[in-house]
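What follows is a short report on a single structure.
In this note's numbering, the protein residues as written are 14 to 142.
Structure follows, in structure tokens:
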């Protein structure tokens, strides 16, 4: 389905936040509140995959270390479902970004503690440009 320009401006973008730490979820929600995106939260990779299969998202914000299914496996599976949906990983991992991109298919990596200016730059680049 092709959107005309007016529909594009008014269509609410959906973001899937995959994070098991409530404080991290609240921080991301706070940083995104002014944009009026529809935010959907999953607390582990398994729940995220189920939501990803049922809904089209404009962006996924992923933690790597979670119970049940980690972000490594969840990111791989999401990219099998849709290569077009960008995935930003926000994590404390010491794994090099290039390895994450190659091995699990993520698009961008931000280290914790989160640099909020860089995070907002990614949001603008991916969803608002």
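Positions of the beta carbon are idealized from the N, C-alpha and C atoms, including for glycine. For clarity, every value in this text was computed on a predicted model and none was experimentally measured.
Nearest candidate by alpha-carbon position, reference residue i, set the options
i, options, result
"residue 96", "66, 81, 80", "66"
"residue 124", "98, 52, 107, 112", "107"
"residue 33", "140, 60, 71", "60"
"residue 81", "92, 98, 55, 46", "55"
"residue 28", "99, 119, 113", "99"
"residue 117", "83, 46, 129", "83"
"residue 119", "88, 137, 31", "88"
8 angstroms contact criterion, which residue i and residue j should meet: CB distance rounded
i, j, result
"residue 79", "residue 57", "5 angstroms"
"residue 132", "residue 44", "6 angstroms"
"residue 40", "residue 127", "7 angstroms"
"residue 72", "residue 139", "6 angstroms"
Burial state of residue i, where buried means 16 or more other Cβ atoms lie within 10 Å
i, result
"residue 36", "exposed"
"residue 22", "Because residue 22 carries a pLDDT of 49, less than 50, the predicted location of this residue cannot be relied on, and no value is offered for it."
"residue 31", "buried"
Same chain, Cβ closer than 7 angstroms to residue i, neighbours up to 5 away in sequence not counted
i, result
"residue 94", "65, 66"
"residue 90", "62"
"residue 86", "58"
Residues near residue i by beta carbon distance below 8 angstroms, same chain, minus five either side
i, result
"residue 49", "25"
Proximity of residue i and residue j at Cβ, strictly below 7 angstroms
i, j, result
"residue 122", "residue 102", "yes"
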